[in-house]
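Enquirer: Okay, so the sequence shown: first residue is -10 according to our numbering, each after it adds one.
First, the structure itself, so that you have it in front of you.
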Amino acid sequence: MLKDKIKSFPNILQEIGQFADLHETSVYVVGGYVRDMLLAGDSVIETRRDLDFTVVGDAIEFAKSLKKTFAAKNFVVYKRFGTAMLEVGEFKLEFVTAREESYAADSRKPMVKKADLKSDLSRRDFAINAIAVGLNSGDWLKLFDPFDGKADLQDRIIRTPLDHEVTFQDDPLRILRAIRFAAGLKFHIDTATKAAIKKMAQRLEIVSKERITDELFKILASAKPSIGFLLMDELGVLPFVSPELVEMKGVEQRKGFHHKDVFRHTLIVVDNVAKVSDRLSLRLAALFHDVAKPRTKRFDDEAGWTFHGHDEIGARMMEGIARRMRISKEMKEFVQKLIRLHLRPIFLSSEEVTDSAIRRLIVQAGDDLDDLLKLCRADITSGNPKRVREHLKNFDFVMERVSEVVEKDE
């Protein structure tokens, strides 16, 4: 029972339970809401507004009846999957018929048939998401956890409820979801699940680009995105998400000159940006700001490693990346602008730089100047603390000059 852990539930859950009793239908709240509730308790109840329900019976008919009684809006039905979605007040509700699914090897379209609660929970991606809470009076707040998901929450483990390979065969996107949960919750993926991900990674090729981008964005939105990207690299997933990031890997040495691993550097920059901004498009710009370095890398006997033009070439590369990822024109153009300009501020650190040069940067950046400066500061990384301090000092000088020019022009 959860009564000792949870002081209060949203009234809507009690009302749905009472409505289910009147219609002699068993209804359970399931999935992410239950997972997060067990992790965080009342704080999640107060903030989360998307709720998922499993109905043992006909979810669509149940939702239709509920719609009339609760004056719901935006009612949508997916008959093939026995699913109905609607909004009641501030809550978004999804009702799903308890079901079993089977898949052909080359398809993401399942064959569906009705089932009991345990069978329905078994088809879910991970044990931590295969937990249900009863809403009917006879099962009020009773926990149904046939795959020990609560124990996995306590042990901070990501594990599939049934055979790992079958889980990823059915829906390969679960490979990215495992990584996303590990990154977002700071859990670890258990050994057998990791092995299955490595084996099944190529299955991601049949997943739509939109769905892959959605998971990628959720990983980028986590508190420390590098966790997810390092996991993608470790598990052989990265080539199917962004081959450009794979190209960034590796370090070479010639005549005493090293160049740092661009992939690792990029992840540090993304984490630095994540500390100061939640803006997804800025984090995406950080992820691809050096995307052209592998293609522009040259060795000069005197200067060492150079990457001339990687800012402009990187901006051009974003055209193809944006098409593949299916991102918006607005987001693409923002990322391109920041890639093009990300080297400019540090070049202005010389005391001889004129106000007009500063003004050109301000005009070129426009409304995105603040984001550009955040990216540039995040881009100051080095294994040498003394060099980092020097670069940060130079950058702070640029910031002062920009502020001075802006004040003059106002």
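Note that CB positions come from ideal geometry on N, CA and C, so glycine has one too.
Between the C-alpha atoms of Ser108 and Thr86, what's the straight-line distance to the nearest angstrom?
Expert: Here residue 108 is taken as the residue at index 119 of the sequence shown, counted from 1. Here residue 86 is taken as the residue at index 97 of the sequence shown, counted from 1. Going from the Cα of Ser108 to the Cα of Thr86 covers about 11 Å.
Enquirer: In whole angstroms, what is the alpha-carbon distance linking Phe115 and Thr149?
Expert: For the purposes of this step, residue 115 is taken as the residue at position 126 of the sequence shown. For the purposes of this step, residue 149 is taken as the residue at position 160 of the sequence shown. Using only the alpha carbons, I get a separation of about 4 Å.
Enquirer: By DSSP's criteria, Ala52 is part of a beta bridge. Which residues make up the other side?
Expert: The residue labelled residue 52 in the question sits at position 63 within the sequence shown. According to DSSP, which records beta bridges pairwise, Ala52 is partnered with nothing at all.
Enquirer: For Ile120 and Leu358, I'd like the C-alpha separation in whole angstroms.
Expert: Counted from its first residue, the sequence shown places residue 120 at position 131. Counted from its first residue, the sequence shown places residue 358 at position 369. Going by the C-alpha atoms only, they are around 46 Å apart.
Enquirer: Relative to the C-alpha of Phe136, which residue among Trp129, Asn0, Leu106 is closest?
Expert: Here the question's residue 136 lines up with position 147 in the sequence shown. Closest by alpha carbon: Leu106.
Enquirer: Just tell me which of Phe80, Ala167, Phe70, Lys81 has its CA closest to the CA of Asn118.
Expert: One-based indexing of the sequence shown puts residue 118 at position 129. Selected option, being the one with the closest Cα: Ala167.
Enquirer: Tell me which same chain residues have a C-beta within less than 8 Å of the C-beta of Leu2, skipping the five on either side of it?
Expert: Working through the sequence shown from its first residue, we reach residue 2 at position 13. Closer than 8 Å at the Cβ level, and outside the excluded window around Leu2, lie Val18, Leu40, Leu124.
Enquirer: Name the two residues that bound the continuous alpha helix (DSSP H) containing Asn261.
Expert: Locating residue 261 in the sequence shown gives position 272, counting from the first residue. Its alpha helix (DSSP H) spans residues 251 to 265.
Enquirer: I'd like to confirm the pairing. Which residues does DSSP put opposite Ile178 in its beta bridges?
Expert: Your numbering for residue 178 matches position 189 in the sequence shown. Its beta-bridge partners are Ile147.
Enquirer: Would you tell me roughly how many angstroms separate the C-alpha atoms of Lys57 and Leu269, rounded to the nearest one?
Expert: Within the sequence shown, the letter at position 68 stands for residue 57. Within the sequence shown, the letter at position 280 stands for residue 269. Straight-line Cα distance between these residues: approximately 38 Å.
Enquirer: Can you list, in chain order, the residues of its chain with a C-beta nearer than 6 Å to that of Arg390? Leave out the 5 residues immediately preceding and following it.
Expert: Position 401 of the sequence shown, counted from the first residue, corresponds to residue 390. Hits under 6 Å: Ile347.
Enquirer: Could you check how far apart the C-beta atoms of Met307 and Gln325 are, in whole angstroms? I think they sit under 8 Å.
Expert: For the purposes of this step, residue 307 is taken as the residue at position 318 of the sequence shown. For the purposes of this step, residue 325 is taken as the residue at position 336 of the sequence shown. Correct: roughly 5 Å between the Cβ atoms.
Enquirer: Taking only the alpha-carbon atoms, compute the straight-line gap between Val280 and Thr156 and give it to the nearest angstrom.
Expert: Residue mapping note: residue 280 aligns to position 291 of the sequence shown, counting from 1. Residue mapping note: residue 156 aligns to position 167 of the sequence shown, counting from 1. So the alpha carbons of these two residues sit roughly 33 Å apart.
Enquirer: Nearest to Lys175 by alpha carbon, out of Gly225, Asn0, Leu219?
Expert: Residue mapping note: residue 175 aligns to position 186 of the sequence shown, counting from 1. Of the listed residues, the one whose Cα sits closest to Lys175 is Leu219.
Enquirer: Between the Cα of Lys321 and the Cα atoms of Ala275, Arg349, Thr343, which residue gives the shortest distance?
Expert: Here residue 321 is taken as the residue at index 332 of the sequence shown, counted from 1. With distances taken between Cα atoms, Lys321 lies closest to Ala275.
Enquirer: What residue range is occupied by the uninterrupted beta strand (DSSP E) comprising Ala121?
Expert: Taking the sequence shown and counting its residues from 1, the one referred to as residue 121 is at position 132. Where Ala121 is concerned, the enclosing beta strand (DSSP E) stretches over 121 to 123.
Enquirer: Return the residue from the list Ala212, Gln7, His278 that minimises the CA-CA distance to Val265.
Expert: Position 276 of the sequence shown holds residue 265. Ranking Ala212, Gln7, His278 by Cα distance to Val265 puts Ala212 first.
Enquirer: Give me the Cβ distance between Val84 and Phe42, rounded to the nearest whole Å; I'm assuming they're in contact under 8 Å.
Expert: Indexing the sequence shown from 1 puts residue 84 at position 95. Indexing the sequence shown from 1 puts residue 42 at position 53. Checking the sequence shown, residue 84 turns out to be Phe, not Val. The pair is a contact, with the Cβ atoms about 5 Å apart (cut-off 8 Å).
Enquirer: Going by beta-carbon coordinates alone, are Val412 and Leu110 separated by less than 8 Å?
Expert: Since the displayed the chain opens at -10 and closes at 399, residue 412 lies outside it and no answer follows.
Enquirer: Going residue by residue through the stretch 293 to 324, where are the continuous beta strand (DSSP E) segments of at least 3 residues, counting only ones entirely within it?
Expert: Complete beta strand (DSSP E) runs here, min 3: 293 to 295.
Enquirer: With a threshold of 7 Å on Cβ separation, who are the neighbours of Met221 within its own chain once the five nearest residues in sequence on each side are excluded?
Expert: The residue labelled residue 221 in the question sits at position 232 within the sequence shown. The answer, listed in chain order, is Ile168, Leu227, Val230.
Enquirer: Look up Ser231 in the DSSP assignment and say whether it is helix, strand or coil.
Expert: Locating residue 231 in the sequence shown gives position 242, counting from the first residue. Ser231 falls in the coil class under three-state DSSP.
Enquirer: Could you pull the start and end residues of the beta strand (DSSP E) that Val44 belongs to?
Expert: Along the sequence shown, one-based indexing puts residue 44 at 55. Run containing Val44: 39 to 45, per the beta strand (DSSP E) assignment.
Enquirer: Would you mind working out which of Leu82, Arg37, Tyr67, Phe170 sits nearest Phe59, comparing C-alpha positions?
Expert: Counted from its first residue, the sequence shown places residue 59 at position 70. Nearest of Leu82, Arg37, Tyr67, Phe170 to Phe59, Cα basis: Leu82.
Enquirer: Among Cys365, Leu361, Val352, which has the Cα closest to the Cα of Asp398?
Expert: Residue 398 sits at position 409 when you count from the first residue of the sequence shown. Nearest of Cys365, Leu361, Val352 to Asp398, Cα basis: Val352.
Enquirer: If you drop the 5 nearest sequence neighbours on each side, which residues of the same chain put their C-beta closer than 6 Å to that of Asp260?
Expert: Within the sequence shown, numbered from 1, the residue matching residue 260 stands at position 271. So the list reads Lys213, Ser215, once near-sequence residues are dropped.
Enquirer: Could you tell me which residues DSSP pairs with Lys81 in its beta bridges?
Expert: For the purposes of this step, residue 81 is identified with residue 92 of the sequence shown, where counting begins at 1. Its beta-bridge partners are Asp39, Glu76.
Enquirer: For Val65, does the count of other Cβ atoms within 10 angstroms reach 16, so buried, or fall short, so exposed?
Expert: Position 76 of the sequence shown, counted from the start, is the residue given in the question as residue 65. With fewer than 16 other Cβ atoms within 10 Å, it is exposed.
Enquirer: Using a Cβ-Cβ cut-off of 7 Å (strictly less than) and excluding sequence neighbours within five positions of Lys363, which residues of its own chain qualify?
Expert: Working through the sequence shown from its first residue, we reach residue 363 at position 374. Once the five neighbours on either side are set aside, the close Cβ partners of Lys363 are Val262, Val265, Ser266, Leu271.
Enquirer: Taking all protein chains shown into account, do 16 or more other C-beta atoms lie within 10 angstroms of the C-beta of Gly355, making it buried, or fewer, making it exposed?
Expert: As a position in the sequence shown, residue 355 is number 366, starting the count at 1. Gly355 should be labelled exposed.
Enquirer: Quick check on DSSP: helix, strand or coil for Leu273?
Expert: As a working note, residue 273 is residue 284 in the sequence shown. In the structure shown, Leu273 sits in a helix (DSSP, three-state: H, G or I).
Enquirer: Determine the contact status of Ile147 and Ala171, defining contact as a CB-CB distance below 8 Å.
Expert: If you number the sequence shown from 1, residue 147 lands on position 158. If you number the sequence shown from 1, residue 171 lands on position 182. Going by C-beta atoms, Ile147 is nearer than 8 Å to Ala171.
Enquirer: According to DSSP, simplified to helix, strand and coil, what is Thr343?
Expert: Looking up residue 343 in the sequence shown gives position 354. In this structure, Thr343 counts as coil in the three-state DSSP scheme.
Enquirer: Taking the alpha-carbon positions, what's the Asp128 to Leu193 distance?
Expert: Taking the sequence shown and counting its residues from 1, the one referred to as residue 128 is at position 139. Taking the sequence shown and counting its residues from 1, the one referred to as residue 193 is at position 204. C-alpha separation (whole angstroms): 39 Å.
Enquirer: With a threshold of 16 other CB atoms inside 10 Å of the CB of Lys207, please say whether the residue is buried or exposed.
Expert: Locating residue 207 in the sequence shown gives position 218, counting from the first residue. With 16 or more Cβ atoms within 10 Å of its Cβ, Lys207 is classed as buried.
Enquirer: Count the other CB atoms, across all protein chains shown, that sit within 10 Å of the CB of Ala29; report buried if there are 16 or more and exposed otherwise.
Expert: Position 40 of the sequence shown, counting from 1, holds the residue named residue 29. The residue is exposed, with fewer than 16 neighbouring Cβ atoms inside 10 Å.
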